[in-house]
Amino acid sequence: LKHAVVVDSDINVYDLGEVEWAIATRFQASEDLLVIENVRGSTLDSSANQETGLTSKMGIDATKPLSKPREKFEKAKIPANKRVEELVRKLRAFSGV
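In this text, residue positions in the sequence shown follow the numbering used here: the first is 1, and each later residue adds one.
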């Protein structure tokens, strides 16, 4: 394992879009990045030093910062558009889906 990302419980770890969103909105590289250099890697890792087998590993803290108001890091809720919902319902009814 070379990369690990830590997220809050409001992020679905099985949805890469949500994980990427957490990184994009909650992560600051200057504060939330951990790099560990010169550690044993896998022989299957072609990016590792081929002579020593050593590599670097990385941890990303994409959790809500404790030093800032947590409500600023909530996922945006986009209000439903009744017209779009009605069109989708009609299209589904028309197509039999």
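All residues carry an ideal CB built from backbone N, CA and C; glycine is no exception.
Roughly how many whole angstroms lie between the Cα atoms of residue i and residue j?
i	j	result
residue 22	residue 54	30 angstroms
residue 65	residue 18	17 angstroms
residue 7	residue 80	27 angstroms
residue 31	residue 67	12 angstroms
residue 69	residue 85	34 angstroms
residue 43	residue 61	27 angstroms
residue 96	residue 3	45 angstroms
residue 82	residue 10	26 angstroms
residue 87	residue 1	46 angstroms
residue 52	residue 77	49 angstroms
Who are residue i's beta bridge partners in DSSP?
i	result
residue 34	59
residue 40	54
residue 4	59
Residue i: beta carbon under 7 angstroms from a heavy atom of the ligand NAD?
i	result
residue 89	In the structure shown, the ligand NAD is absent, as is every other ligand, since no ligand is present at all.
Measure from the alpha carbon of residue i to the alpha carbon of each residue in the options, then state which is nearest.
i	options	result
residue 25	43, 4 and 72	72
residue 29	63, 52, 51 and 2	63
residue 41	57, 31 and 67	57
residue 59	43, 33 and 76	33
residue 20	68, 75, 87 and 52	75
residue 27	10, 9, 82 and 5	5
Evaluate the contact criterion for the stretch 12–25 versus the stretch 45–59: three or more CB pairs, one atom per stretch, below 8 angstroms. They do not touch, by the three-pair rule.
Decide if the stretch 27–38 is in contact with the stretch 82–92; the criterion is three or more beta carbon pairs, one per stretch, under 8 angstroms apart. No, because fewer than three Cβ pairs between the stretch 27–38 and the stretch 82–92 fall closer than 8 angstroms, the two stretches do not touch.
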